[in-house]
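J.:
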Amino acid sequence: MIAPGTAQGVQLGRARAEAQANVELNLWQRSKQLLFDATGVAVAVLMLFPIYWMVATAFKPGRDILALTPKWFPSPFTLQNFRDAIARPFFLEDVRNSVIIVAVMLALALALAFLAAVGTARFGFKGRTAFLVMIIAVQMVPLNALIIPLYLMLDSVGQVDALPGVIAVYLAAVLPFMVWTLRGFVANIPVELEESAMIDGCTRVGAFLRITFPLVGPGLVATAIFGFIQAWNEYIIAYVLLSSPTNQTLTVWLASFTTNHGPEWGPLMAGATLTGLPVVAFFLVLQRYLAGGLTAGAVKG
Amino acid sequence: MGVAILAPDPEPDPPMLRRRAWLRSNFLPYALISPSVAVIGGILAFPLGMLVWLSLQHYGLRELIAHQGRWVGLDNYRSILVDPLFHQVIVRSLLFTFACVVLTLVLSTLLSLLLLKVRRVVRVLVMSALVFVWATPVIVSVDIWQWMFDYEFGVMNYLLTQLHVGNFIHHNWFDNPVQGLGVLVLVVVWGAIPFVTITLFAGLLQVPSDVIDAAQVDGAGAWQRFWFVTAPILKPIFLIVICLSTIWDFGVFNQIYVMLNARPSSDYFTIAIYSYRESFGVTQYGLGASIAVVMVIVLVFVTFFYVRETVKVAEIA
Numbered sequence: 402m403i404a405p406g407t408a409q410g411v412q413l414g415r416a417r418a419e420a421q422a423n424v425e426l427n428l429w430q431r432s433k434q435l436l437f438d439a440t441g442v443a444v445a446v447l448m449l450f451p452i453y454w455m456v457a458t459a460f461k462p463g464r465d466i467l468a469l470t471p472k473w474f475p476s477p478f479t480l481q482n483f484r485d486a487i488a489r490p491f492f493l494e495d496v497r498n499s500v501i502i503v504a505v506m507l508a509l510a511l512a513l514a515f516l517a518a519v520g521t522a523r524f525g526f527k528g529r530t531a532f533l534v535m536i537i538a539v540q541m542v543p544l545n546a547l548i549i550p551l552y553l554m555l556d557s558v559g560q561v562d563a564l565p566g567v568i569a570v571y572l573a574a575v576l577p578f579m580v581w582t583l584r585g586f587v588a589n590i591p592v593e594l595e596e597s598a599m600i601d602g603c604t605r606v607g608a609f610l611r612i613t614f615p616l617v618g619p620g621l622v623a624t625a626i627f628g629f630i631q632a633w634n635e636y637i638i639a640y641v642l643l644s645s646p647t648n649q650t651l652t653v654w655l656a657s658f659t660t661n662h663g664p665e666w667g668p669l670m671a672g673a674t675l676t677g678l679p680v681v682a683f684f685l686v687l688q689r690y691l692a693g694g695l696t697a698g699a700v701k702g
Numbered sequence: 002m003g004v005a006i007l008a009p010d011p012e013p014d015p016p017m018l019r020r021r022a023w024l025r026s027n028f029l030p031y032a033l034i035s036p037s038v039a040v041i042g043g044i045l046a047f048p049l050g051m052l053v054w055l056s057l058q059h060y061g062l063r064e065l066i067a068h069q070g071r072w073v074g075l076d077n078y079r080s081i082l083v084d085p086l087f088h089q090v091i092v093r094s095l096l097f098t099f100a101c102v103v104l105t106l107v108l109s110t111l112l113s114l115l116l117l118k119v120r121r122v123v124r125v126l127v128m129s130a131l132v133f134v135w136a137t138p139v140i141v142s143v144d145i146w147q148w149m150f151d152y153e154f155g156v157m158n159y160l161l162t163q164l165h166v167g168n169f170i171h172h173n174w175f176d177n178p179v180q181g182l183g184v185l186v187l188v189v190v191w192g193a194i195p196f197v198t199i200t201l202f203a204g205l206l207q208v209p210s211d212v213i214d215a216a217q218v219d220g221a222g223a224w225q226r227f228w229f230v231t232a233p234i235l236k237p238i239f240l241i242v243i244c245l246s247t248i249w250d251f252g253v254f255n256q257i258y259v260m261l262n263a264r265p266s267s268d269y270f271t272i273a274i275y276s277y278r279e280s281f282g283v284t285q286y287g288l289g290a291s292i293a294v295v296m297v298i299v300l301v302f303v304t305f306f307y308v309r310e311t312v313k314v315a316e317i318a
């Protein structure tokens, strides 16, 4: 005969076993989690170390940089390397050139890319797909391969060693990506928003300027930052096209940073830190803007 | 003005109105894209055509001054095809690309999977580290690695000696091209990991968790879940990332050129550097152009897959 309590007894036993298994599982899970977290932290440290080492070196006095046993922290701390880097010939000229090139290029690129983005996102027309495929394909042409014809082209119109030539090349280089990205931003703004504004009495242009344009703001910022980073970081085009030191850009200045006694690591790392700083700053801004979600819920699907 | 068209006109002129609307809708999009088409056509597409044309010319210093090349047909291609240095350069470029792409992909995939598992704080930490590396300009990163691998005071030689990997005191990594290119692979992979990892991680977040759960219920292990469920869903993203990495790494120039202080020995020539050297170093622009054309042809194959996948993902067709 089976005792009336057997079922409960079996259940109790099962629950106890499960509880014990849970504890073991928990322990196993927790140690696994710890292992994952530790690996994550290790990866972050390894990836960041080169950048840390640049900044640390930039703040170290010369005798601590040229030490057989490296000093892990910059103490004593000095700004001399930054002063040396800025005082080096052509630093300020080359910063100015980089800023001019990037600013002019961006103004042109944003205008052109925005027009093309609206054209492809808001209108269906013959050749639209062909245009978009071209936009994607042309991004794949390596600029390295085009240097020779670009140099000869600009040489024949007297724009070698002049900023406009570089601006034109950078404009063409960033434009495909900017059109593509902005097109996505424009397409994501529901036409219904514009249409309802038009029903409320806006003209088509008015609806576009008052509704769509402000909503594309984050997209414009994001693509502008992308263009900034591309142009600011570019090296080979500027190196080939701009030959005189007063016309060069910051990356060319940085890449040619050597003296007769070999590189001066302190000022070089200070110069590298200064070159990278605006890019990092803009990257952090970019992240915030990409949060988006401004139009979410504006129109019920 | 648009207002006039929209306002209820007492006597509208239908044919006229229709014609204006027709004109606007047919003409406006072309007007909007034409500036971009002009810039891209004039500064990217035209030079690409000119590159091919140049590769069929003898174009040296004299021709540069005269702005006029001398037609030689396929001579440039014939001379690079029998050039043993060119063969070495091709093999070196392919191996370098293969090493960079495989390492980048494997490490980034592992890292993106790890990001799914770690606690939120750790994820934010890793992500910030990745963004910092991503934001570092290539020239800056080359300068940093050059300093870290400096033969005399570089921190790498010190660390490797301290960790008993061997005696690396005053070890010059760039004396031996295999070691030197190894360091350059490290530089390229370090710079590429952030973009690839973040892209793959964004893709992983899109994988529906119920599919993974279902596979787990059916008894699939972690490796099986990745290989048979996650990887096929991520296939388009993997393809795009592989194509982009291949294109960037096969055309590598900056890292090698700047790392070797603008004077790389022929042991370090990749295809982009060889093309540069032939044209701007020894002023044989025609020859340099033919090398660049070979580079573009190799990349066109890769690009073809990339464009097909991107179009598929974006569903514009």
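Residue numbers (the numbering used here), protein chains in the order written: chain A, 402 to 702; chain B, 2 to 318. Backbone N, C-alpha and C fix where the C-beta goes; we use that ideal spot for every residue, glycine too. A quick note: this is a predicted structure, and the numbers were derived from the prediction, not measured.
Can you pull out the residues from the stretch 265–276 of chain B whose beta carbon lies closer than 8 Å to at least one beta carbon of chain A?
T.: Going along the stretch 265–276 of chain B in chain order, one finds Ala273 and Ser276 with a Cβ nearer than 8 Å to chain A.
J.: What's the C-alpha gap between A/Gly677 and B/Trp135?
T.: In the first sequence, the residue the question calls residue 677 of chain A occupies position 276. In the second sequence, the residue the question calls residue 135 of chain B occupies position 134. Answer to the nearest angstrom: the Cα atoms are 11 Å apart.
J.: Taking only three categories from DSSP, how would you classify B/His171?
T.: The sequence position of residue 171 of chain B within the second sequence is 170, counting from 1. If DSSP states are grouped into helix, strand and coil, B/His171 belongs with coil.
J.: Under 8 Å, do A/Leu547 and B/Pro209 count as touching if we go by C-beta distance?
T.: Taking the first residue of the first sequence as position 1, residue 547 of chain A is located at position 146. Taking the first residue of the second sequence as position 1, residue 209 of chain B is located at position 208. No, they are not a contact pair.
J.: Quick check for students: name the residue ranges of the alpha helix (DSSP H) that lie wholly in the stretch 486–547 of chain A, counting only runs of 4 or more.
T.: You should have 492–523 and 529–539.
J.: Would you report the Cα separation of A/Pro565 and A/Leu555, rounded to the nearest angstrom?
T.: Walking along the first sequence from the start, residue 565 of chain A turns up at place 164. Walking along the first sequence from the start, residue 555 of chain A turns up at place 154. Rounded to whole angstroms, A/Pro565 to A/Leu555 spans 10 Å at the Cα level.
J.: List, in order along the chain, the chain B residues whose C-beta lies closer than 9 Å to that of A/Leu426?
T.: By one-based count along the first sequence, residue 426 of chain A stands at place 25. Neighbours of A/Leu426 on chain B: none; closest Cβ ~15 Å, over 9 Å.
J.: Straight-line CA distance for B/Ser280 to B/Val314?
T.: On the second sequence, position 279 is the one that residue 280 of chain B refers to. On the second sequence, position 313 is the one that residue 314 of chain B refers to. Rounded to the nearest angstrom, the two C-alpha atoms are 39 Å apart.
J.: Can you tell me whether B/Phe270 is buried or exposed, with buried defined as 16 or more other CB within 10 angstroms of its CB?
T.: One-based indexing of the second sequence puts residue 270 of chain B at position 269. Classification of B/Phe270: buried, given that the 10 Å Cβ count is 16 or more.
J.: Just curious, the alpha helix (DSSP H) that A/Gly628 is in, first and last residue?
T.: As a working mapping, residue 628 of chain A is identified with position 227 in the first sequence. Phe614 to Asn634 is the extent of the alpha helix (DSSP H) around A/Gly628.
J.: What's the call for B/Phe302, buried or exposed, on a 16-neighbour Cβ count within 10 Å?
T.: If you number the second sequence from 1, residue 302 of chain B lands on position 301. Label assigned to B/Phe302: exposed.
J.: Run through chain A and tell me which residues come within less than 7 Å of B/Tyr152, C-beta to C-beta.
T.: Translated into the one-based positions of the second sequence, residue 152 of chain B becomes position 151. Residues of chain A passing the Cβ test: none, with the nearest at roughly 10 Å.
J.: Report yes or no: is there a C-beta of chain B within less than 8 Å of the C-beta of A/Gly628?
T.: Here residue 628 of chain A refers to the residue found at position 227 of the first sequence. A/Gly628 does not count as touching chain B.
J.: Determine which residues of the stretch 280–302 of chain B have a Cβ less than 7 Å from any Cβ of chain A, and write them out in chain order.
T.: Under the 7 Å Cβ criterion, the stretch 280–302 of chain B contributes Ser280, Phe281, Tyr286, Gly289, Ala290, Ala293, Met296, Val297 and Leu300.
J.: Give me the subset of the stretch 124–144 of chain B whose CB atoms are less than 8 Å from a CB atom of chain D, sorted by chain position.
T.: Given the protein chain composition of this structure (A and B), no chain D is represented.
J.: Per DSSP, B/Trp72 is paired with what?
T.: Translated into positions along the second sequence, residue 72 of chain B becomes position 71. B/Gln58, per the DSSP bridge assignment.
J.: Beta-carbon separation of B/Val73 and B/Gln256 under 8 Å?
T.: To locate residue 73 of chain B, count along the second sequence from 1; it is residue 72. To locate residue 256 of chain B, count along the second sequence from 1; it is residue 255. Not a contact, by the Cβ cut-off of 8 Å.
J.: Determine the contact status of A/Phe492 and A/Trp654, defining contact as a CB-CB distance below 8 Å.
T.: The residue labelled residue 492 of chain A in the question sits at position 91 within the first sequence. The residue labelled residue 654 of chain A in the question sits at position 253 within the first sequence. For A/Phe492 and A/Trp654, yes; Cβs fall inside 8 Å.
J.: Beta carbons nearer than 9 Å to chain B: which residues of the stretch 543–562 of chain A have them?
T.: Flagged, chain order: Pro543, Leu544, Asn545, Ala546, Leu547, Ile548, Ile549, Pro550, Leu551, Tyr552, Leu553, Met554, Asp556 and Ser557.
J.: B/His88 by DSSP, collapsed to three states: which one?
T.: Position 87 of the second sequence holds residue 88 of chain B. Note: B/His88 maps to helix in three-state DSSP.
J.: Leaving out the 5 sequence neighbours to the left and right, which residues in its chain are closer than 8 Å to B/Asn173 when beta-carbon positions are compared?
T.: Here residue 173 of chain B is taken as the residue at index 172 of the second sequence, counted from 1. Hits under 8 Å: Tyr152.
J.: From the DSSP output, in three-state form, read off A/Trp429 for me.
T.: One-based indexing of the first sequence puts residue 429 of chain A at position 28. Helix.
J.: Between the alpha carbons of B/Val230 and B/Asp211, how many angstroms are there, rounded?
T.: Within the second sequence, the letter at position 229 stands for residue 230 of chain B. Within the second sequence, the letter at position 210 stands for residue 211 of chain B. Distance between the alpha carbons of B/Val230 and B/Asp211: 11 Å.
J.: What does the alpha-carbon distance come out to for the pair B/Trp191 and B/Ala130?
T.: Locating residue 191 of chain B in the second sequence gives position 190, where the first residue counts as 1. Locating residue 130 of chain B in the second sequence gives position 129, where the first residue counts as 1. Cα-Cα distance, rounded: 12 Å.
J.: Using a cut-off of 7 Å between C-beta atoms, extract the partners of B/Pro30 located in chain A.
T.: The count along the second sequence starts at 1 and reaches residue 30 of chain B at position 29. In chain order: Gly520, Phe524 and Phe526.
J.: Classify B/Pro11: buried if its beta carbon has 16 or more other beta carbons within 10 angstroms, exposed otherwise.
T.: If you number the second sequence from 1, residue 11 of chain B lands on position 10. Model confidence at B/Pro11 stands at a pLDDT of 45, short of 50, so the residue's coordinates are unreliable; what they give is reported in the following sentence. Classification of B/Pro11: exposed, given that the 10 Å Cβ count is below 16.
J.: Our contact map puts B/His171 next to A/Ser557 with C-beta atoms below 8 Å; I'd like the distance itself, whole angstroms only.
T.: Within the second sequence, residue 171 of chain B is the residue found at index 170, counting from 1. Within the first sequence, residue 557 of chain A is the residue found at index 156, counting from 1. That belief does not hold up - the Cβ atoms of B/His171 and A/Ser557 are roughly 50 Å apart, past 8 Å.
J.: Report the residues of the stretch 230–255 of chain B with a CB closer than 7 Å to any CB of chain A, ordered along the chain.
T.: Listed by position along the chain: Ile248, Gly252, Phe254 and Asn255.
J.: Which first and last residues belong to the alpha helix (DSSP H) in which A/Ala588 is found?
T.: On the first sequence, position 187 is the one that residue 588 of chain A refers to. Where A/Ala588 is concerned, the enclosing alpha helix (DSSP H) stretches over Leu564 to Asn589.
J.: Just to confirm my understanding: we take B/Val189, look at its own chain, exclude 5 residues before and 5 after, and list those with CB closer than 7 Å. What are they?
T.: To locate residue 189 of chain B, count along the second sequence from 1; it is residue 188. Closer than 7 Å at Cβ, skipping near neighbours: Cys101, Asp250, Val253 and Gln256.
J.: What are the boundary residues of the alpha helix (DSSP H) that includes B/Pro237?
T.: Counting from 1 along the second sequence, the entry for residue 237 of chain B is found at position 236. Element bounds for B/Pro237: Ala232 to Phe251.
J.: Where does the unbroken alpha helix (DSSP H) through A/Ile638 begin, and where does it stop?
T.: As a first step, residue 638 of chain A must be located in the first sequence, where it is residue number 237. Its alpha helix (DSSP H) spans residues Ile637 to Leu642.
J.: From B/Asn27, B/Leu65 and B/Phe227, pick the residue whose C-alpha is nearest to that of A/Leu553; which is it?
T.: Counting from one through the first sequence, the residue named residue 553 of chain A turns up at place 152. Nearest option by C-alpha distance: B/Leu65.
J.: How would you list, in chain order, the residues of chain A whose beta-carbon sits under 9 Å from the beta-carbon of B/Leu164?
T.: Numbered from 1 along the second sequence, position 163 holds the residue referred to as residue 164 of chain B. Within chain A, no residue comes near B/Leu164; the closest Cβ sits about 14 Å away, beyond 9 Å.
J.: Any Cβ of chain A within less than 8 Å of the Cβ of B/Ile41?
T.: In the second sequence, the residue the question calls residue 41 of chain B occupies position 40. Yes, contact with chain A.
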